[in-house]
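Here's the structure we're looking at; comments come further down.
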Amino acid sequence: MELGSFSLGTTLTFGQMIVVDANGNVRVLQPGEKTLPGEIIISASNATPNDVGNNNDVQISRVNADGRNVDITNDINEIFAALEQGQDPTQLGEDLATAAGESNGSSPTGSVSIARDASETIAATEFSTSALTALGLSETQSLTLLESYSQSALGSIVTSINGAND
């Protein structure tokens with residue numbers, strides 16, 4: 000994750016978008032630049048100078064496999080609100096539930112016939128329970144988004160709109 004001195008609150012201006020890639024790298028999306036599947040887009044394109052410090056017009060989208068943007072703003076806000084209140088975001092309901100357990104996993108429901116071949120293996124199971132990964136975010140994207148959110152509260156993303164810093 001390469002965040003360095005990149006600060007959302009001082010970099011993004013009216014109409015610009017920030018992209019967080021699957022590795023957690025943050026960049027400002029240049030005009031005409033294409034986004035890739037799995038990237039997260041943070042934009043404040045509907046903001047006005049009166050919206051500085053107000054996160055109502057911040058939109059967070061995830062680029063799905065076919066290149067379309069899926070709005071996840073409300074989901075992200077629910078997760079951050081739960082974290083701020085000390086709640087477990089994995090317990091927010093089925094809409095934000097993790098994908099763990101969707102496949103048969105270690106408990107198939109059908110009848111199974113096993114043939115013994117005398118080979119041995121060590122069983123291992125990994126269950127990942129993270130509400131942000133259920134939205135399609137990688138772990139590094141989640142951490143970058145959380146760090147960026149805590150630095151700017153996503154409300155001060157637009158700070159230099161038409162001389163608002165003057």
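For the sequence shown, numbering that gives the first Met the number 0 assigns the number 0 to the initial residue and increments by one for each residue that follows. Using N, Cα and C, we set each Cβ at its ideal position, and we do this for glycine too. Everything numeric in this text was worked out from a predicted model, so none of it was measured.
- Going by DSSP, residue 28 is part of the beta strand (DSSP E) stretching over 25-28.
- For residue 70, the enclosing beta strand (DSSP E) begins and ends at 68-70.
- Secondary structure at residue 78: helix, using DSSP grouped into helix, strand and coil.
- Boundaries of the beta strand (DSSP E) around residue 60: 58-62.
- Less than 9 Å divides the Cβ of residue 21 from the Cβ of residue 139.
- Between residue 73 and residue 40, the gap from beta carbon to beta carbon reaches 9 Å or more.
- Residue pairing by DSSP places residue 41 opposite 17, 59 in a beta bridge.
- Rounded to whole angstroms, the gap between the alpha carbons of residue 14 and residue 30 is 10 Å.
- Per the coordinates, the alpha-carbon of residue 135 lies some 13 Å from the alpha-carbon of residue 23.
- By alpha-carbon distance to residue 36, the top candidate from 61, 80, 133, 116 is 61.
- The three-state reading of DSSP puts residue 88 in helix, counting H, G and I together.
- Annotated three-state conformation of residue 34 is coil, per DSSP.
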